[in-house]
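Everything below concerns the one structure shown next.
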Amino acid sequence: MSFTGSLLGLRCMSRVRSGSIFDGWLIAAAVAIGGTGIWVMHFIAMLGFRIDGAAIKYDVPITLASALIAMIVVWFGLCLAQQRRLGNRGLLIGGVVTGLGVGAMHYAGMYAMKTDVAIGYDWPTVILSMLIAVLAATAALWFTLNVRGTLATLGAALAMGMAVAGMHYTGMFAMHIGDQQHHMPPSGAGAAQLLTPLIVSVSLVTVGMLFHLGLTEVGGTTPLTRRPATENYWPTRD
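Position 103, counted from 1, in the sequence shown is what full-length UniProt numbering calls 103; the numbers after and before it change by one each time, with no gaps.
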């Protein structure tokens with residue numbers, strides 16, 4: 001899913017026509033990368049997470065908020081990266097903001113997980129996971145601005161997907177389970193009740209976006225051209 005979301009996001013970004021922060025393709029790219037590539041990947045991985053002898057539930061509002069965080073920070077990073085007046089500063093600032101936001105999404109998602117045993121974190125590893133998130137986000141934003149061509153796009157999407165997964169599992173490695181057990185069972189929704197419907201819904205949206213993107217590519221009769229970097233970051237139809 002990280003690869004699919006990243007690939008879809010890159011293809012959406014190749015169709016952005018203006019510098020508007022409300023460009024439909026820009027928003028679609030944020031949903032694809034943030035929603036599918038990051039958030040869905042995180043919670044699919046969480047479906048396979050188990051703690052021996054412990055029940056796991058999920059706080060519904062926090063889980064939903066983590067999805068919004070992922071999409072909003074990616075959108076914000078893309079908006080910063082496309083600002084010509086900022087130059088490379090926009091890319092760097094966008095990478096830092098997006099990376100920290102992705103890290104916040106990960107740990108918000110972990111906070112949404114409720115269990116009847118104590119959970120702690122190794123802070124040096126947490127910091128490492130945040131650093132990976134910032135580097136991965138900066139690279140992802142650079143890819144959205146510079147990568148063109150089928151093979152290059154596939155390679156960039158694969159690199160982005162591996163970076164997102166690397167950040168996630170580094171963050172999971174930072175977590176440790178304590179011996180203390182809570183007296184009250186955890187409250188919230190089970191994985192089958194909450195995560196599965198959400199993941200299926202976002203995946204269906206992703207399939208719909210892929211289908212729509214394919215239709216626009218088939219229906220487009222004017223080839224894409226890329227203007228000089230001094231004029232515009234984005235490919236345009238002349």
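We put the beta carbon where it would ideally sit given N, CA and C, even for glycine. None of these values were measured; they are calculated from a predicted model.
Use the C-beta contact count for residue 245: other C-beta atoms within 10 angstroms, 16 or more gives buried, fewer gives exposed. This structure cannot settle anything about residue 245, because the visible part of the chain is limited to 1 through 238.
Reduced DSSP secondary structure (H/G/I, E/B, other) of A54: coil
For I21, which three-state DSSP category applies? coil
Using CA coordinates, which residue listed in I69, G149, V205, L92 is at the minimum distance from A136? Out of I69, G149, V205, L92, L92 has the C-alpha closest to the C-alpha of A136.
Minimum C-alpha distance to A55 - residue among L26, L80, L47, D116: For A55, the closest C-alpha among the options L26, L80, L47, D116 is that of D116.
Using only the alpha-carbon positions, how far apart do N88 and G53 sit? Counting only the Cα atoms, G53 lies some 50 Å from N88.
Quick check on DSSP: helix, strand or coil for G161? The answer is helix: DSSP assigns G161 an H, G or I state.
Across which residues does DSSP place G171 in a beta bridge pair? Per DSSP, none; premise fails for G171.
Which same chain residues end up closer than 7 Å to A108 when comparing Cβ atoms and leaving out the 5 residues on each side of it in sequence? I62, A65, S66, I69
Since G120 is in the beta strand (DSSP E), which residue starts that stretch and which ends it? It spans 117-121 - the beta strand (DSSP E) in which G120 sits, taken as one unbroken run.
Taking 8 Å as the threshold, find out whether the region 126-133 comes into contact with the region 145-159 through three or more Cβ pairs. no
Leaving aside the five residues before and after L141 along the sequence, list all residues of the same chain whose C-beta is less than 6 Å from its C-beta, in chain order. Closer than 6 Å at Cβ, skipping near neighbours: G77, A81, L91, G94, G95.
Let me know if F49 comes out buried or exposed under the rule of 16 or more other beta-carbons within 10 Å of its beta-carbon. Exposure of F49 is indicated by the presence of fewer than 16 other C-beta atoms within 10 angstroms of its C-beta.
Is the beta carbon of V60 closer than 8 Å to that of G188? yes
Buried or exposed for D122, please, with buried defined as at least 16 other CB atoms from any protein chain shown within 10 angstroms of its CB. Per the 10 Å Cβ criterion, exposed.
Extent of the continuous alpha helix (DSSP H) run through residue 239: This structure cannot settle anything about residue 239, because the visible part of the chain is limited to 1 through 238.
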